[in-house]
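As you go down the protein sequences, you meet chains L and S in turn. Counting in the numbering used here, the first sequence runs from 1 upward without gaps. Counting in the numbering used here, the second sequence runs from 1 upward without gaps.
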Amino acid sequence: MTNANTSTVASAAEDAALSYPSPFKEFWQGFSYNKGAVAGLIFMSIVLLCAILAPLVAPYSPIEQYRDHLLTPPAWLDGGSVQFLLGTDELGRDILSRLIYGARLSLFIGLCSVLLALIPGVVLGLLAAFFPKVLGGVIMRVMDIMMALPSLLLAVAIMAILGPGLMNAMIAIATVSLPAYVRLTRASAMTELNRDYVTASRVSGAGLFRLMFNTVLPNCMAPLIVHATMSFSSAILEIAALGFLGLGVQPPTPEWGTMLASARDYIERAWWVVSLPGLTILLSVLAINLMGDGLRDALDPKLKRAA
Amino acid sequence: MLSFIFRRLGLLIPTFFGITLLTFGLIRMIPGDPVEVMVGERTLDPQMHADAMHRLGLDKPLYAQYIDYISNLLHGNLGESLVTKSSVWGEFKTLFPATLELALAAMLFAVVFGLLAGVTAAIKRGSILDHGVMGIPLTGFSMPIFWWGLILIMFFSVKLGWTPVSGRLDLAYDITPRTGFMLIDTWLAEAADPAANAGAFKDALMHLILPAIVLGTIPLAVIARMTRSSMLEVLREDYVRTARAKGLSPARVIFVHTLRNALIPVLTVIGLQVGTLMGGAVLTETIFSWPGIGKWLIDAISRRDYPVVQNGILIVATLVIVTNFIVDILYGVANPRIRHAK
């Protein structure tokens with residue numbers, strides 16, 4: 001019985017060695033080798049699920065004020081009640097519900113600002129790689145200028161012009177993360193451009209558009225995906241920072257950073273108002289960064305060695 | 001070497017003009033024109049409006065306005081604040097030492113602990129200590145630093161009462177600013193008049209500790225990570241094996257043979273943290289009510305004091321690009337391979 005089993009296992013292993021593993025399986029092997037990345041993935045899946053199902057998961061409305069329950073401590077402390085698991089804030093709003101709805105906002109703004117930076121960044125980067133002389137020079141100079149400004153300062157400056165608000169915060173964050181995408185795309189496209197397959201494609205008459213997006217771009221995707229993940233986490237941090245400075249999403253919208261803006265006044269008597277939103281930001285960003293590390297290990301062994 | 005400097009300078013100048021274009025464009029992209037912004041809620045009759053536009057040179061074509069702006073800049077005229085009516089450059093000069101003092105203290109914290117963490121992790125590679133120590137930069141990268149500041153205040157200032165909550169010095173002290181650096185000023189004042197200013201230096205130091213830790217956290221993470229990977233690279237070199245083989249003490253191998261060579265990339269990274277520090281200063285100074293450049297800019301934005309926003313950002317950006325330029329040059333001095341590469 002045991003013998004039969006081992007022989008099946010052995011032959012299965014042999015088969016697997018003969019056939020090339022599916023791209024997804026290969027990716028998963030690399031990714032799951034990194035335990036931190038798997039933990040990050042699990043945590044983010046829970047956050048994402050909460051965000052999507054917010055109206056079902058959250059016990060209360062995020063902006064409903066329970067005036068009889070101002071600054072109620074979390075349930076496990078003296079004076080806390082099961083009614084408000086993570087306590088209430090200075091206006092009697094349920095913190096758990098606000099955090100859950102806040103996840104919606106943070107993930108949404110993060111995703112949008114990544115896309116808003118990724119798409120133009122890739123196009124500009126490819127253009128810079130394909131036309132390195134004049135157009136590329138101009139694009140890269142402009143990116144250098146944007147890089148010279150500290151990113152938060154540039155975001156603050158953009159918010160100063162556009163005025164506070166959700167849409168403007170997305171634009172500001174996308175703008176500050178644009179140069180990194182352009183540089184990354186250009187650098188990887190430049191190396192690809194010298195490869196034989198690109199020449200072959202060019203010789204067989206592929207047009208510029210096809211060369212850019214069908215031939216070269218798919219081969220530059222690995223570093224871009226890794227960078228997009230990392231910049232997703234920094235976007236979450238930047239939205240929170242803008243919210244904290246009063247320039248981002250405006251109250252009473254439950255945004256993690258905005259929730260902290262007024263928390264400073266309650267530092268002496270309500271630690272949960274101060275700690276919980278920040279802890280949520282920290283854990284989410286940490287989880288995404290861990291996932292990014294795992295993606296890097298799985299997709300781009302070259303980057304792994306460099307880091 | 002000279003041609004290397006000129007090549008880098010050739011990149012610096014267009015970058016500077018690019019930034020002036022940006023700050024010039026900034027004020028013109030605000031909805032409504034600057035005159036409306038200045039008068040705010042009050043209504044203005046068309047004649048006065050036109051006069052104001054003319055006085056400010058805003059009725060000229062855009063390129064002429066830009067030339068005016070540049071010529072003003074080159075004459076050292078950075079405009080004046082709409083709120084305080086004092087010159088932007090003057091305000092910058094009085095506030096800058098506060099930010100510089102904070103940034104230097106933050107850098108000291110980051111360098112000392114970052115190097116320590118990086119070296120420890122590299123020596124004990126793969127051990128629990130390595131994983132534990134490297135957890136610090138990972139957390140540091142993910143830390144919302146404004147929250148980190150609040151948590152530190154909550155614990156050390158409110159709960160333990162060890163450090164003050166905000167500002168640079170207790171109001172009880174009256175210190176004449178000589179250098180603008182509170183540590184030096186209080187030290188001088190204490191030396192001059194020990195009775196009146198007893199404890200001023202210690203008070204200034206206590207005010208500085210928490211903001212410096214908060215501002216230094218991200219650079220600490222960057223330095224620790226860089227030191228570790230750079231150390232690991234150098235540890236693989238043949239000359240390190242030779243040093244070990246000829247029987248040098250492990251400490252000598254690590255500190256003299258390895259660390260010295262591993263430091264070159266780390267130094268560059270330290271130099272490039274200036275931008276991060278200026279960005280972080282905006283948040284840190286807001287949390288700790290630290291009277292520096294970051295808080296100045298944020299206050300200016302909330303008061304819609306556009307000349308301060310415009311030229312304050314210009315000054316900070318110039319500062320960052322000039323520092324990066326100097327780091328570049330120093331790197332070229334330290335590493336000939338960079339200097340001769342095209």
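Here a beta-carbon is modelled for each residue, glycine too, at the ideal position from N, C-alpha and C.
| query | With 7 Å set as the bound, which would you pick, yes or no: does the beta-carbon of SER142 of chain S sit closer than that to a beta-carbon of chain L? | reply | yes
| message | Quick check: the Cα distance between MET152 of chain L and LYS25 of chain L, rounded to an integer number of angstroms? | response | In the sequence as displayed, the identity of residue 152 of chain L is Leu instead of Met. Straight-line Cα distance between these residues: approximately 39 Å.
| message | Under DSSP, the alpha helix (DSSP H) around ARG28 of chain S begins and ends at which residues? | response | 2-28
| query | Where LEU183 of chain S and LYS93 of chain S are concerned, what is the direct C-alpha to C-alpha distance, given to the nearest angstrom? | reply | 18 Å
| Outcome for ASP59 of chain S when other beta-carbon atoms lying within 10 angstroms are tallied against a minimum of 16 | exposed
| query | Closer than 7 Å, CB to CB, is ILE161 of chain L near chain S or not? | reply | yes
| task | Compare the C-beta of GLY18 of chain S against all C-beta atoms of chain L and say whether one is closer than 7 Å. | result | yes
| Is there contact here, the region 178-195 of chain S with the region 57-71 of chain S, by at least three beta-carbon pairs under 8 Å? | no
| task | Show which residues of chain L have a CB atom less than 8 Å away from the CB atom of LEU183 of chain S. | result | None at all; the shortest Cβ gap to chain L is about 25 Å.
| task | Note down, in chain order, each residue of its chain lying with its Cβ closer than 8 Å to the Cβ of ILE301 of chain S, except the 5 sequence neighbours on either side. | result | VAL309
| task | With distances taken Cα to Cα, identify the nearest neighbour of GLY36 of chain L among S:VAL165, S:GLY10, S:HIS131, S:HIS257. | result | S:HIS131
| With 16 other CB atoms within 10 Å as the buried threshold, where does THR191 of chain L fall? | exposed
| query | Which two residues bound the contiguous alpha helix (DSSP H) that contains VAL165 of chain S? | reply | Element bounds for VAL165 of chain S: n/a, residue is neither H nor E.
| query | Ends of the alpha helix (DSSP H) at SER151 of chain L? | reply | 151-162
| said: Spatial neighbours of TRP267 of chain L within its chain, please: C-beta separation below 6 Å, excluding the five flanking residues on both sides. | reply: For the sequence presented, residue 267 of chain L should be read as Ile rather than Trp. Result list for ILE267 of chain L: VAL274, in chain order.
| Looking at the structure shown, is THR229 of chain L part of a helix, part of a strand, or coil, going by DSSP? | helix
| query | DSSP state of ALA4 of chain L, grouped into three classes? | reply | With a pLDDT of 49 at ALA4 of chain L, under the threshold of 50, the modelled position of this residue cannot be trusted; read the value that follows with caution. Here ALA4 of chain L sits in helix by DSSP.
| message | Counting only beta-carbon separations shorter than 7 Å, does GLY332 of chain S have a partner in chain L? | response | no
| task | Mind checking which residues open and close the alpha helix (DSSP H) that includes ASP130 of chain S? | result | 128-142
| query | How far does the alpha helix (DSSP H) with ILE267 of chain L in it reach, from first residue to last? | reply | Per DSSP, ILE267 of chain L belongs to no alpha helix (DSSP H) and is neither H nor E.
| message | Judging by CA-CA distance, which residue of S:GLY332, S:THR227, S:MET1 is the nearest neighbour of VAL133 of chain S? | response | S:THR227
| said: Using a 10 Å radius around the Cβ and a threshold of 16 neighbouring Cβ atoms, would you call ALA191 of chain S buried or exposed? | reply: exposed
| Taking 7 Å as the CB-CB limit, is ILE329 of chain S close to chain L? | no
| query | Is DSSP giving ASP328 of chain S helix, strand or coil here? | reply | helix
| Contacts around THR229 of chain L, its chain only, beta-carbon distance under 7 Å, and the 5 residues preceding and following it disregarded | ILE288, MET291, GLY292, LEU295
| field | Pick from L:VAL198, L:ALA241, L:LEU260, L:GLN250 that is closest to ALA281 of chain S, judged by C-alpha positions | value | L:ALA241
| message | Out of S:VAL222, S:ILE153, S:SER289, which one is the CA nearest neighbour of VAL266 of chain S? | response | S:VAL222
| query | VAL249 of chain L and ALA169 of chain L look like a contact to me (Cβ under 8 Å); what is the Cβ gap, rounded to whole Å? | reply | 6 Å
| Along the region 257-272 of chain L, what residues have a CB closer than 8 Å to any CB found in chain S? | GLY257, LEU260, ALA263, ARG264, ILE267, GLU268, TRP271
| Helix, strand or coil: which one does DSSP assign to SER229 of chain S? | helix
| query | What's the C-alpha gap between PHE84 of chain L and GLY278 of chain L? | reply | 19 Å
| query | Helix or strand or just coil, what does DSSP make of SER87 of chain S? | reply | strand
| Listing by chain order, which chain L residues have their CB less than 9 Å from the CB of PRO14 of chain S? | ARG141, ASP144, ILE145
| Of all the CB atoms in chain S, is at least one closer than 7 Å to the CB of ASP297 of chain L? | no
| From S:MET29, S:ILE145, S:LEU115, pick the residue whose C-alpha is nearest to that of LEU62 of chain S; which is it? | S:MET29
| message | Quick check: PHE156 of chain S and THR163 of chain S, are their CB atoms within less than 7 Å of each other? | response | yes
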